[in-house]
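One structure below.
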Amino acid sequence: MPRTPTISVRGVGNVSVPPDRTVVSFDISTMDMDYSRSASDLNERVATLRAGLKKSGIKPEDLKTTSFSIDPHHEWRGKDENRRQVFLGWVTRHRMKIELPIDRELLNKAFAAIASDEVKSSIEISFDVSDRDALRTKILEEATRVACRNAETMATAAGCKLGRALKIEYGWSELRISPLRYERNLMMSLEADATPDIEPDDIDASDSVTILFELL
213 MPRTPTISVR
223 GVGNVSVPPD
233 RTVVSFDIST
243 MDMDYSRSAS
253 DLNERVATLR
263 AGLKKSGIKP
273 EDLKTTSFSI
283 DPHHEWRGKD
293 ENRRQVFLGW
303 VTRHRMKIEL
313 PIDRELLNKA
323 FAAIASDEVK
333 SSIEISFDVS
343 DRDALRTKIL
353 EEATRVACRN
363 AETMATAAGC
373 KLGRALKIEY
383 GWSELRISPL
393 RYERNLMMSL
403 EADATPDIEP
413 DDIDASDSVT
423 ILFELL
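Residues 213 to 428 in the working numbering are what the sequence shown spells out, letter by letter.
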């Protein structure tokens with residue numbers, strides 16, 4: 213029995229959507245010769261940050277830890293045979309993030325709390341979409357339409373008719389979002405009402421499907 217001819221076509225779906233969520237990430241770090249003091253100083257600054265966020269109308273419990281570490285910090289000093297490592301202190305580092313709706317006034321208040329003299333933190337901002345499942349659906353629908361359209365075009369050009377889909381494969385890729393970064397020295401020079409007026413660009417996402425069709 214002759215084998216049924218087939219054609220395998222890959223379709224790429226590209227979707228651009230406006231972000232609806234701001235992710236503010238930041239590091240707070242302290243260094244002290246005493247292990248306990250280093251950790252205690254950092255905890256005080258985090259407590260100050262939580263209080264500042266609460267005062268600004270932001271829920272302190274929305275502040276999430278992404279990493280925490282306490283490490284010895286050394287520096288090489290001297291030359292040749294006198295070169296040696298010198299212990300400079302314990303560095304305690306707490307990396308956190310908070311997710312907010314895209315609201316300039318609320319973002320300004322978060323900036324003011326995070327970049328205050330008492331907290332002393334650098335800031336990194338990125339934008340995201342809340343409903344990734346809906347975005348994924350849109351991308352796969354577009355990719356499937358593209359694959360079917362291309363398959364129909366090629367089958368017609370080859371003098372064939374496109375039959376049913378025999379197999380569909382796809383692989384989901386994470387969204388790649390380029391963050392906007394603001395250094396602490398910039399943020400410290402700004403009042404809350406003078407924070408940059410950020411207008412985020414649309415988020416571009418893509419994925420592909422490969423469909424195996426029979427040819428009639």
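C-beta: ideal position from N, C-alpha, C; glycine also.
By the C-beta criterion, the region 343–356 is judged not to be in contact with the region 297–307, since fewer than 3 inter-stretch pairs fall below 8 Å. DSSP places residue 295 outside both helix and strand once states are collapsed to three, so it counts as coil. Annotation: residue 248 is outside any beta strand (DSSP E); the continuous alpha helix (DSSP H) that includes it extends over 247–267. Distance from the CA atom of residue 249 to the CA atom of residue 281, rounded to whole angstroms, is 14 Å. At a Cβ-Cβ threshold of 9 Å, residue 241 and residue 254 count as neighbours.
In the structure shown, the three-state DSSP call for residue 345 is helix. Within the same chain, Cβ atoms closer than 7 Å to the Cβ of residue 258 are found at 240 and 306, the five residues on either side in sequence being excluded. Counting along the chain, residue 276 sits inside the beta strand (DSSP E) bounded by residues 276–289.
Bridge partners of residue 338 according to DSSP: 235.
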